[in-house]
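First comes the structure, then the notes that go with it.
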Amino acid sequence: MSAPSVLYDAPGPRARQRNLLYAGLFVLVFAGLVYLGLVAMNDKNQLDWDKWSPYLAGLDSWTTYLLPGLRGTLIAAGLSILMALPIGALFGIARLSDHAWIAKTAGTLVEFFRAIPVLILMFFANTFYVQFTDFGRDVRPLYAVCTGLVIYNSAVIAEVVRAGILSLPKGQTEAALAVGMRKGQLMTSVLLPQAVTAMLPALVSQVVVIVKDTALGGALLNYSELMSTVGEAAAFYGGNIIATLTIVAVIYIVINSLLSWVANRLERWLRTRKKGTGAVVGAEMMEEQAPGMGITETPAGR
Amino acid sequence: MFDFLSDYDVLGAFWVNVQLTVLAAIGSLIWGTILVAMRVSPVPVMRAFGTAYINLVRNTPLTVIIVATSLVLSQTFQVTLGADNFKDIGFRLAVLGFIAYTSTFVCESLRAGINTVPVGQAEAARALGLSFTQVLRIIVLPQAFRSVVAPLASVLIALTKNTTVAAAIGVGEAALLMKEMIENESDALFLVTAMFALGFVILTLPTGLLLGWVAKRVAVKR
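Chain order of the listed sequences is A and B. This note's numbering applies: residue 3 is where the first sequence begins, and numbers increase by one. This note's numbering applies: residue 275 is where the second sequence begins, and numbers increase by one.
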């Protein structure tokens, strides 16, 4: 091992031999499990080439099912983050207000909506639109999915914004007040611009959560996106459910890995750059945002 | 106004969520610990497996994993997990899916906890002549455990909320019941939603406040 580990000393000759033995055993067990899995798949004809060929050797499956599905996923995720950003920023700032009643109200709303599963909000929005609006069947699922995601993620982003502002050194506020800025000026020209930079990694990381949550709309609200194409495509190509699910999962993994990579690069850049205060809201663990706990209390794992 | 409630087993539905949460929490704690042991082990193959598993599973939507347990394990391979009726099979598959997904977050929290222990602590312990198990037991793990209370509590709360995803494979839990209720009782949309929202607030908020307080108490001041 290159980096010094808190757990292990640098291995000597005997330890190296033992590690080699463990590695061999692990590879054996792992290969055995993979083999069993493949045999089971083969028994159910899931390894046949005609089950996989629509995706690996044909374009029709992509243009008919996967790409339109991906479009649905990206539209829902994009709309949600665009709408959640300003609302979240508003609530995040409101929570830091000097007026107790504004801060308390915003705080209660944020904690309340962070405590509710996003699926509950989507179900509510869907039925709400059925009863009180005349949105057509074609757009209603999208609106319902976005409404649920916007409400939930506004609350999360409010916390991110608050953490971003709180992560700035106190001297920034003191200096701005010392040169005679008002509270509004302090927020708009000193704190917010720096906080936005500091919270970029966390925001990008949250987009991953949003992309993953759009799959709920496909599975439970008939919104046509990547997840909901699984059933249609697998039925059309003769029950190649494993192949279809694998391809869809790989698409999600590629998109989300790219986003996570961007978030990590942003975080590293913010931590190491010479300019700025070095304040940053980490990209790690955005998914487990728990009500009652601040974002800053979750240590960023390095 | 509340008459229709007697037709539905709301508490029973929430009880399913609680059961899902508890079973999945125990399972993912075990599997997550095994994963983190691999991820920080001195054996490169195991580290590679741990990292690959985390990156693949974390970036897959939970919905896809849960639906996959049903479509792949149950419908293609006829895995029943020892259950003999549809309801139990769905429940057990959901628990399995939650364990596969949540364990990645448990693993990352534990790894972050281990990384908060300064290397000097272990070096000093080794210099004093403590053995590997002694270093782990007396020096590293006690400090690591104290700093993972807050992240693990967050994972638990996220899991509680995530159990609603089991609705995707028809497990009769709170979100599914809510869907049924707001479709049948069209005049009680707000009442029903408020009731279920409150139910989840009751499940998650006290846990968050309590464990957040505990985390602050036990955290190692550095």
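By construction, the Cβ of each residue, glycine as well, lies at the ideal position given by its N, Cα and C atoms.
Practice task
Measuring only between beta-carbons, confirm whether residue 44 of chain A sits less than 8 Å from chain B.
Solution key: no
Problem - Sequence-distant residues of the same chain with beta carbon closer than 6 Å to residue 85 of chain A, five excluded per side - result: 152
Practice task
Would you mind listing the beta strand (DSSP E) stretches within the stretch 158-199 of chain A that are 3+ residues and don't spill past its ends, in chain order?
Solution key: none
Problem - Inter-residue Cα distance where the pair is residue 191 of chain A and residue 118 of chain A - result: 34 Å
Problem - Terminal residues of the alpha helix (DSSP H) in which residue 94 of chain A lies - result: 69-97
Problem - Rounded straight-line distance, which links the Cα of residue 206 of chain A to that of residue 262 of chain A - result: 7 Å
Practice task
Under the assumption that residue 200 of chain A contacts residue 283 of chain A (Cβ atoms under 8 Å), give the Cβ distance between them as a whole number of angstroms.
Solution key: 6 Å
Practice task
Grab me the residues of residue 97 of chain A's own chain with a C-beta within less than 7 Å of its C-beta, minus the 5 sequence neighbours each way, in chain order.
Solution key: 105, 108, 109, 112, 160, 164
Exercise for the section: Could you tell me which chain A residues have their CB closer than 7 Å to the CB of residue 453 of chain B, listed as they occur along the chain? Expected result: 125
Problem - residue 315 of chain B versus residue 487 of chain B - alpha carbon distance - result: 32 Å
Practice task
State the Cα-Cα distance for the pair residue 150 of chain A and residue 67 of chain A, rounded to the nearest angstrom.
Solution key: 25 Å
Exercise for the section: Within the same chain, show all residues whose beta-carbon is closer than 7 Å to that of residue 342 of chain A, passing over the 5 residues directly before and after it, in chain order. Expected result: Residue coverage of chain A in this structure runs from 3 to 304, which leaves residue 342 of chain A outside it and unanswerable.
Problem - Cross-chain neighbours of residue 405 of chain B in chain A, by beta carbon under 8 Å - result: In chain order: nothing, as chain A lies at least about 11 Å away.
Handout entry: Span of the alpha helix (DSSP H) around residue 264 of chain A
Key = 243-274
Problem - Straight-line Cα distance separating residue 442 of chain B from residue 276 of chain B - result: 28 Å
Exercise for the section: State the DSSP-derived secondary structure class of residue 154 of chain A, mapped to helix, strand or coil. Expected result: helix
Problem - Own chain, CB closer than 8 Å to residue 328 of chain B, minus 5 neighbours either side, in chain order - result: 309, 313, 378, 381, 382
Practice task
Classify residue 136 of chain A as helix, strand or coil using the three-state DSSP reduction.
Solution key: coil
Practice task
Please specify which runs of the alpha helix (DSSP H), each continuous and at least 4 residues long, are wholly inside the stretch 319-406 of chain B, giving them in chain order.
Solution key: 336-342, 360-390, 393-401
Problem - residue 37 of chain A: first and last residue of the uninterrupted alpha helix (DSSP H) it sits in - result: 15-45
Problem - Inter-residue Cα distance where the pair is residue 397 of chain B and residue 386 of chain B - result: 19 Å
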